[in-house]
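Numbering (our numbering), first residue to last: 395 to 706.
What follows is the structure, given as structure tokens:
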């Protein structure tokens, strides 16, 4: 199977991407469709099916040995279903069964992973987490997701949602979260939360751009309110990371996603706050890295999970 390729499907709230991935993690062909998240479940499936049909036209398709699906969660890998919060038409949707029935896919093994687990698989197999036996891989973007590698293996949990650090509570009396809990990390450290907090404290966006990208630009210019919004986010992130490291004893943390693209604006205060929150000696030695696979992490990760099906 050394020459075998992997097919990957990455399903998110705004886009559905598909790719052919080589054994060394290189993307050989790709396509994407906007996610019709405001339509019913069959319309979303149709978009995914179209992407796979286009991919199957590649001359490389006969070399495909397995298909991996990475999806926004929650997922249930034991049942092959997904219920993405930002795709209302999919609730308990049997994505593995339906994708496996696609004419181009029939006969191929199909596996499912949550998007955080997929990114952990990508970074551990090909990226910044490769040297480590125990790592937490995070995506800090519109939300906060994550996946765990423990003892050199992906730790998925029974349903595939282990490592979902965005819904660790970092403030027991904090903001209500749509998940039903309070004080969830995602409510403080996501790009959405950074922009929301900056606006609430009086930051005024330039050119009516109230995104986290605009907050980052203001912070780089020295705006104290924008800097404070990033400081708050990194304190929350440090608390969540330290709690996870204390629980399972990690070697490294790898962070990707749009907010990580701000570089030192995120990583510099995060290192400072980790020194406070990760106080015990076994947690204080954490290695902190920026993710290496960028926007391809979801696709490459889905393929990495599929590759595990082919290994002894």
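C-beta atoms are modelled at their ideal positions from N, C-alpha and C, and glycine is treated no differently.
*Among 677, 619 and 558, which one has its Cα closest to the Cα of residue 599?*
619
_Alpha-carbon spacing of residue 513 relative to residue 683, whole angstroms_ = For residue 513 and residue 683, the distance between alpha carbons rounds to 14 Å.
_For residue 481, the three-state DSSP class (helix, strand or coil)_ = coil
*asked:* Just to confirm the assignment, what range does the alpha helix (DSSP H) spanning residue 444 have?
replied: 435-449
*Whose C-beta lies closer than 7 Å to the C-beta of residue 395 among residues of the same chain, with five residues either side of it excluded?*
Note that residue 395 scores 46 on pLDDT, short of 50, meaning its location in the model is unreliable; the coordinates nonetheless yield the value given after this. Counting only Cβ-Cβ distances below 7 Å, and skipping sequence neighbours, we find 459 and 704.
*Starting from residue 693, follow the beta strand (DSSP E) in both directions and report where the run begins and ends.*
Counting along the chain, residue 693 falls outside any beta strand (DSSP E), though it belongs to the alpha helix (DSSP H) covering 691-704.
*asked:* Going by C-alpha to C-alpha distance, which of 631, 603 and 596 sits closest to residue 617?
replied: 596
_Under the three-state DSSP convention, the category residue 549 falls into_ = strand
*Under 8 Å between C-beta atoms of residue 694 and residue 507*: No, Cβ-Cβ distance for residue 694 and residue 507 is not below 8 Å.
*Express the C-alpha separation of residue 453 and residue 642 in angstroms, rounding to a whole number.*
44 Å
*Hey, out of 430, 413, 428 and 623, whose CA is closest to residue 422's CA?*
Cα-wise, what sits closest to residue 422 is 413.
*Give me the Cβ distance between residue 615 and residue 589, rounded to the nearest whole Å; I'm assuming they're in contact under 8 Å.*
Contact flag wrong, Cβ pair sits at about 16 Å.
*Relative to the C-alpha of residue 398, which residue among 410, 584 and 416 is closest?*
416
*Quick one: any contact between the segment 474-481 and the segment 518-527, if contact means 3 or more CB pairs under 8 Å?*
no
*Sorted by chain position, which residues of the same chain lie with C-beta nearer than 8 Å to residue 576's C-beta, five sequence neighbours on each side aside?*
Here the set comprises 563, 565, 566, 567, 568, 569 and 570.
*Could you name the residues of the same chain whose beta carbon sits closer than 8 Å to that of residue 502, not counting the 5 residues immediately before and after it, in chain order?*
The residues are 401, 458, 459, 460, 461 and 494.
*Rounded to a whole number of angstroms, what is the C-alpha to C-alpha distance between residue 665 and residue 468?*
30 Å
*asked:* Mapping the DSSP letters down to three states, classify residue 368 as helix, strand or coil.
replied: Nothing can be reported for residue 368: it is not among the residues displayed for the chain, which extend from 395 to 706.
*Who are residue 541's beta bridge partners in DSSP?*
531
*From 686, 499 and 428, pick the residue whose C-alpha is nearest to that of residue 531; which is it?*
686
*asked:* On the DSSP bridge list, what partners appear for residue 404?
replied: 411 and 464
*How is the beta strand (DSSP E) around residue 427 delimited, first residue to last?*
In the DSSP assignment, residue 427 falls within the beta strand (DSSP E) that extends over 421-428.
*Under 8 Å, do residue 586 and residue 536 count as touching if we go by C-beta distance?*
Between residue 586 and residue 536, the C-beta gap is smaller than 8 Å, which places the two residues in contact.
*asked:* If you follow the alpha helix (DSSP H) that residue 593 is in, where does it begin and where does it stop?
replied: First-last of the alpha helix (DSSP H) with residue 593: 585-594.
_Taking the beta carbon of residue 470 as the centre, do at least 16 other beta carbons fall within 10 Å, making it buried, or is it exposed?_
buried
*Three-state secondary structure (DSSP) at residue 687?*
In the displayed model, residue 687 falls within coil according to three-state DSSP, outside both helix and strand.
*Residue from 680, 681 and 649 whose Cα sits closest to the Cα of residue 540*: 649
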